[in-house]
Structures are given as C-alpha cells and as structure tokens.
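Numbering (mature numbering (1 follows the signal peptide of the UniProt record, and there is no 0)), first residue to last: -18 to -1, 1 to 338.
For glycine and all other residues, C-beta sits at the position ideal for the given N, C-alpha and C.
Working notes, beginning with the structure itself.
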C-alpha cells in the first residue's frame, strides 16, 4: 500500500523539461566584437589593395552573424571607409595614417566583407569594394575656394608629374627614380594657378648620373632589393613660376608571402618600350580622379556550407536601423521611469571621422 501511494505521488510531481538556451543577442555595429571584425577586414583590404592609398574605418554600416556550429560563425560586414594620406606602399601603420579631411575632397570606400570566426580567430573569406570621391558640390558648398580633384590623366597633371620627377632626378646623387603611378592631383585656378600632385615611385638599378647617359638601361630593382617611395609636388604657373618637389623612399620592405611580387601594392610595370621615368603609365590612362578601391578575394578553402558569396539580398543598414527604431518605439509603449533614454539602434554604427 505504501509503495502504491509513493508511486501515485511520484507521478503527480511536475515534470520540468529542459529549457533551450536563448540565442545570443544580435551584435550591434558598435559592439567590441564588431569593431574587432572590422579591424581585421580593413587590414585585409589594405593588405591586398594594389593602388592608391590606405583606407581607414569610418563606420560599420551593418553586421550579420550566421552560426555554423560550435565556436564557428560566418560574419558579414558592410563597411564605410575613408581614404588616408598614406600611400598603399607606405610602411606607416594604419593607426598613424591621417584621414583626409572633407575639404581635401575626401574619397569614400564601401566594402562588403565576409569573415569566418573559429574558436575566436577571425579570417577573411571574401571582400568586395568600390570607392568614389565626394561630390564637388558638397566640397564647394563648405569651401568655395578649395581646389577639387583633377583627372589623373589631365594634361597639366601629367606635365607637373613629369617636370617634378625630372627635377628630382636631375638634383639627386642617389638612385634614379621611375614613376609607378599618379595617386592624386588637384588644380587651383584662383588667385594663382597651382597644380598639386602626389605619385608613387620606385628606385632603379641606376644612379641619377648613369641615367643621364642611358636611361633606357635603368630597370626597377629586383624583389629582394626593391625600394619604393612617394613624391609630392606643386607647380605654380601663374602669375609667376615655381616648382616644389619632395620625394621620400621607404627603404626595402620584406614582401608579404601571400601576395605575388608582380601584383604587390602600387607596383605597376610598363609595357615593353614604354618609358616610365615620368609621365604616363598604364594605371593613369583612364579618365578618373581617384583609384577605385576594387577588391574581391575569395578564400579557396571556403566550403559550400560557408560559400564565399554574399547573401542576397544582404541586409542593408537602413532597414536594420528602421526595424531597431520600430522595436524601441514598441518597447516605449511600456511605462518608463522619468528621464529614460531609449537605446540607440544597433546599426549603423558611430561615425569615427565625419559624415560623407
């Protein structure tokens, strides 16, 4: 009898089922994990970029995390970047590179990046980027007298680069320099006519004196001796004439193993018979004002389950922000203490430099 009573009582006990763990809260664009992923992405983009300048993070537009298993996530990022003053060839760490100001006619980069995080370790699987200069109207509205970006193959720009590099080579006792690419140019028309240029260069196997005798014999140094540099120049043509040139070589840098030498950042070789001591090179024949940040790299080890393609449609920052605002508004229907400030939407994130 006692056993029967005990059995009845046992059956009547409430059965507690295991409650599944709640999924982790979605990452916001300003969360430390998001910032860490963005840092890895930006370093990857700069490390694989072959022309122009390094870019810095301005804002995380959106982030999406797709769990793949235990300690294994695929992360999609939408990033807004801004051009810095550091050439892509410069050994200067990105943290020490200055972002160009708005009135310098800023260049914005937009990137979609796919990363994988395994055991807390982040790696980039793919990236797709493009860049463009801010509109001339925006710059002139804030600074009516500021010079704007000029086409890299503008006749005055090419003349200034040629004159500046020839001037440097005629005065130096060091290696003869050849032009790699023109990076940036601006023309001021009033009150004086000034052409400002920036261009990447490389040392050759000739001294400047030897080059005066036979410049065609001067070739870029081989990989194990390569020495790249950067020049800035301004040429005033009216009302008086003046030329200022400053060239700095970076010294030999140990190549990055995963980037073939002929596609290393900034190295643009001429076609046979084309002189690159100063003037046109293949990278400036198009009519554009800045080097487009086109990057698209796919990791061959990416499996079908974690395809290197971006989700279609990929979540855009604006709809995410609108949904977040709507959710906050819904929560605000609940009575809140006086002075309560609703949390900001998770994306897009904060602006690190300026809105463009």
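Taking three-plus beta-carbon pairs below 8 Å as touching, is the segment 42 to 58 in contact with the segment 82 to 90?
No contact exists between the segment 42 to 58 and the segment 82 to 90.
Can you give me the C-alpha to C-alpha distance between residue 197 and residue 151, rounded to a whole angstrom?
In the chain shown, counting from the first residue as 1, residue 197 sits at position 215. In the chain shown, counting from the first residue as 1, residue 151 sits at position 169. One C-alpha to the other measures close to 11 Å.
Inspect the beta-carbon positions of residue 364 and residue 61 and report whether they are closer than 9 Å.
No answer is possible for residue 364: it lies beyond the span of the chain, which begins at -18 and ends at 338.
What residues are listed by DSSP as bridge partners for residue 189?
As a first step, residue 189 must be located in the chain shown, where it is residue number 207. Note: residue 189 sits in a beta bridge opposite 157.
Between residue 339 and residue 156, is the Cβ-Cβ spacing less than 9 Å?
A question about residue 339 goes unanswered here, because the residues of the chain that appear run from -18 up to 338.
Does the structure place the segment 63 to 79 close enough to the segment 28 to 35 that three or more beta carbon pairs sit under 8 Å?
These segments touch.
Hey, residue 16 and residue 63: beta-carbon distance below 9 Å or not?
The residue given as residue 16 occupies position 34 in the chain shown. The residue given as residue 63 occupies position 81 in the chain shown. No; because the gap between Cβ atoms is not below 9 Å, this pair is not in contact.
Starting from residue 224, trace the beta strand (DSSP E) both ways and give me its first and last residue.
Against the chain shown, residue 224 aligns to sequence position 242. First-last of the beta strand (DSSP E) with residue 224: 224 to 231.
Since I believe residue 215 is in contact with residue 146 (beta carbons under 8 Å), could you give me their beta-carbon distance rounded to a whole number of angstroms?
Counting from 1 along the chain shown, the entry for residue 146 is found at position 164. Counting from 1 along the chain shown, the entry for residue 215 is found at position 233. The pair is a contact, with the Cβ atoms about 3 Å apart (cut-off 8 Å).
Looking at residue 188 and residue 211, is the spacing between their C-beta atoms short of 9 Å?
As a position in the chain shown, residue 211 is number 229, starting the count at 1. As a position in the chain shown, residue 188 is number 206, starting the count at 1. Cβ atoms of residue 211 and residue 188: not closer than 9 Å.
Out of 171, 83, 222, 162, which has the shortest C-alpha to C-alpha gap to residue 202?
Within the chain shown, residue 202 is the residue found at index 220, counting from 1. Checking every option, the nearest Cα to that of residue 202 belongs to 162.
Taking the alpha carbon of residue 356 as the reference point, which residue from 41, 19, 227 has its own alpha carbon closest?
An answer regarding residue 356 cannot be provided, because it is not within the stretch -18 to 338 covered by the chain.
Drop a sphere of 10 angstroms on the beta-carbon of residue 273, count the other beta-carbons inside from all chains shown, and report buried for 16 or more, exposed for fewer.
Translated into positions along the chain shown, residue 273 becomes position 291. By the neighbour-count rule (16 or more Cβ atoms within 10 Å), residue 273 is buried.
State the beta-bridge partners of residue 216 as determined by DSSP.
In the chain shown, the residue the question calls residue 216 occupies position 234. For residue 216, which the question treats as bridged, DSSP gives the partners 178, 226.
Hey, quick one: how far does the alpha helix (DSSP H) through residue 14 stretch, first residue to last?
Looking up residue 14 in the chain shown gives position 32. It spans 14 to 30 - the alpha helix (DSSP H) in which residue 14 sits, taken as one unbroken run.
Do you know how far the Cα of residue 232 is from the Cα of residue 205?
The residue you call residue 205 lines up with position 223 of the chain shown. The residue you call residue 232 lines up with position 250 of the chain shown. C-alpha separation (whole angstroms): 14 Å.
Would the segment 110 to 127 count as touching the segment 73 to 83 if we require 3 or more Cβ pairs under 8 Å?
No, because fewer than three Cβ pairs between the segment 110 to 127 and the segment 73 to 83 fall closer than 8 Å, the two stretches do not touch.
To which residues of the same chain is residue 335 closer than 8 Å at the C-beta, ignoring the five residues directly before and after it?
In the chain shown, the residue the question calls residue 335 occupies position 353. 38, 40, 64, 81, listed in sequence order.
Pick helix, strand or coil for residue 332, following the three-state DSSP scheme.
Position 350 of the chain shown, counting from 1, holds the residue named residue 332. In the structure shown, residue 332 sits in coil (DSSP, three-state: anything other than H, G, I, E or B).
Take the Cβ of residue 224 as the centre, count every other Cβ of all protein chains shown within 10 Å, and call the residue buried at 16 or more, exposed below.
The residue labelled residue 224 in the question sits at position 242 within the chain shown. Counting Cβ neighbours within 10 Å, residue 224 comes out exposed, since fewer than 16 surround it.
Can you look up residue 337 in the DSSP assignment and give me helix, strand or coil?
Along the chain shown, read from residue 1 onward, the residue named residue 337 stands at position 355. Residue 337 falls in the coil class under three-state DSSP.
What separation, rounded to the nearest whole angstrom, lies between the Cα atoms of residue 149 and residue 158?
Counting from 1 along the chain shown, the entry for residue 149 is found at position 167. Counting from 1 along the chain shown, the entry for residue 158 is found at position 176. Taking the straight line joining both Cα atoms gives about 11 Å.
First and last residue of the alpha helix (DSSP H) that includes residue 208?
For the purposes of this step, residue 208 is taken as residue 226 along the chain shown, with counting starting at 1. Premise fails: residue 208 is in no alpha helix (DSSP H) and is neither H nor E.
Report yes if the CB atom of residue 134 is closer than 9 Å to the CB atom of residue 169, and no otherwise.
If you number the chain shown from 1, residue 134 lands on position 152. If you number the chain shown from 1, residue 169 lands on position 187. No, these two residues do not count as a Cβ contact at 9 Å.
Hey, how far is the Cα of residue 276 from the Cα of residue 24?
Here residue 276 corresponds to residue number 294 of the chain shown, with the count starting at 1. Here residue 24 corresponds to residue number 42 of the chain shown, with the count starting at 1. C-alpha separation (whole angstroms): 13 Å.
Tell me which residues share the same chain as residue 115 and place their Cβ nearer than 7 Å to its Cβ, disregarding the 5 neighbours each side in the sequence.
Taking the first residue of the chain shown as position 1, residue 115 is located at position 133. Cβ within range, chain order: 87, 89, 131, 271, 272.
Where residue 85 and residue 167 are concerned, what is the direct C-alpha to C-alpha distance, given to the nearest angstrom?
In the chain shown, the residue the question calls residue 85 occupies position 103. In the chain shown, the residue the question calls residue 167 occupies position 185. Spanning the two alpha carbons is a distance of roughly 14 Å.
So what does DSSP say about residue 270, is it helix, strand or coil?
Within the chain shown, numbered from 1, the residue matching residue 270 stands at position 288. If DSSP states are grouped into helix, strand and coil, residue 270 belongs with coil.
Find out if the Cβ-Cβ distance for the pair residue 103, residue 139 is shorter than 9 Å.
Within the chain shown, residue 103 is the residue found at index 121, counting from 1. Within the chain shown, residue 139 is the residue found at index 157, counting from 1. No, Cβ-Cβ distance for residue 103 and residue 139 is not below 9 Å.
Is it true that the CB of residue 179 sits closer than 9 Å to the CB of residue 142?
One-based indexing of the chain shown puts residue 142 at position 160. One-based indexing of the chain shown puts residue 179 at position 197. Result yes, Cβ atoms of residue 142 and residue 179 sit closer than 9 Å.
Sorted by chain position, which residues of the same chain lie with C-beta nearer than 6 Å to residue 100's C-beta, five sequence neighbours on each side aside?
On the chain shown, position 118 is the one that residue 100 refers to. 54, listed in sequence order.
According to DSSP, which residues form a beta bridge with residue 60?
Within the chain shown, residue 60 is the residue found at index 78, counting from 1. Answer is 44, 94, bridged to residue 60.
What is the DSSP secondary structure of residue 169, counted as helix, strand or coil?
In the chain shown, the residue the question calls residue 169 occupies position 187. Residue state, collapsed to three classes: strand.
Exposed or buried, what is residue 72 when buried is set at 16 or more other beta-carbons lying within 10 Å of its beta-carbon?
The sequence position of residue 72 within the chain shown is 90, counting from 1. With 16 or more other Cβ atoms within 10 Å, it is buried.
Pull up the distance between the alpha-carbon of residue 269 and that of residue 113, whole angstroms please.
Here the question's residue 269 lines up with position 287 in the chain shown. Here the question's residue 113 lines up with position 131 in the chain shown. Those two C-alpha atoms are separated by around 15 Å.
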